[in-house]
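The structure appears below as structure tokens.
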Amino acid sequence: MADYDVIVIGAGCGGITAGALLARQGRKVLVLEQSERVGGCCSTFEKEGYHFDVGASIVEVIHPIRMAFQELGTSFEEEVDLVLCDPIYSYIFEDGSRINYPLSLEGTAEVISRISPEDGRQWYRLADYFADMMRQTIETFFTNPCNGMLDMAKMGLRNPRMLKFLPLFFRSYQDVILKYFKNEVVQQTMSFQSFYCGLPPELAPGFIALIPYSEHEGIWYPRGGMIQIPRAF
963 MADYDVIVIG AGCGGITAGA LLARQGRKVL VLEQSERVGG CCSTFEKEGY HFDVGASIVE
1023 VIHPIRMAFQ ELGTSFEEEV DLVLCDPIYS YIFEDGSRIN YPLSLEGTAE VISRISPEDG
1083 RQWYRLADYF ADMMRQTIET FFTNPCNGML DMAKMGLRNP RMLKFLPLFF RSYQDVILKY
1143 FKNEVVQQTM SFQSFYCGLP PELAPGFIAL IPYSEHEGIW YPRGGMIQIP RAF
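Residues 963 to 1195 (my numbering) are what the sequence shown spells out, left to right.
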């Protein structure tokens, strides 16, 4: 086997991105993968003419991915055909009724206000709070290694503005949603995202309540399946 500067085990998104960035820096890189497909859980297989994603199914919080492609001298949008989802959700209830939340904050406020005017106003309060958290999180956590509580503490010291969000780590997702919304239907549309961490809202950590806002910054789907992202890297 030839000599390599770096050998990366696993061609999931993390491994293949690391390999691409190291190669961009002039390193001789070998990426090893046991599967016939790259991407790990961000992959796609084909059966009888249909494509199925094996894990990851949408793209959210797009900023770190864009940063990685910029480091490689290109852009995410140039390398992958992204379809912006709007509306971002369609909720179908047992009685057959349906609620669609559009991408825009204003459009979602209108939909919520038709159900509960008070909750429509509260939606803007939630959005303002978590928009700030989103900015601080991207600046602090998404651009620095985080290998444990010590790293998290150091990040908090570097960006004291993150401390205002510390209470979210000691409250449940359900507590946060109930603080903002009183209508049960609205609560349901805002709380199901706890499944992302495999927990019901009453057991999920409060910071997960960022998701109902963050998805309004954009949800995309790569045309051809999620595997298009690791293929691009």
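Every residue, glycine too, gets a C-beta built ideally from N, C-alpha and C.
In the displayed model, P1026 falls within a helix according to three-state DSSP.
Using a C-beta cut-off of 8 Å, the segment 1109 to 1129 makes no contact with the segment 1060 to 1075, since fewer than three inter-stretch Cβ pairs fall below that distance. Taking C-beta separations shorter than 7 Å and ignoring five residues to either side along the sequence, the partners of S1052 in its chain run R1060, N1062, following chain order.
DSSP places E1010 outside any beta strand (DSSP E), giving it a letter other than H or E.
Scanning its chain for C-beta atoms nearer than 8 Å, with the 5 sequence neighbours on each side dropped, one finds around D967 the residues L984, R989, K990, V991, in chain order. Q1032 counts as exposed, since fewer than 16 other C-beta atoms from the protein chains shown sit within 10 angstroms of its C-beta.
Of the other Cβ atoms in all chains shown, 16 or more fall within 10 Å of the Cβ of S1153; this residue is therefore buried.
Counting the other Cβ atoms within 10 Å of the Cβ of Y1175 gives 16 or more, which makes it buried. Shortest Cα-Cα distance from G1180 to any of G1011, G1001, I1020, V1016 involves I1020.
Going by DSSP, V1073 is part of the alpha helix (DSSP H) stretching over 1067 to 1077.
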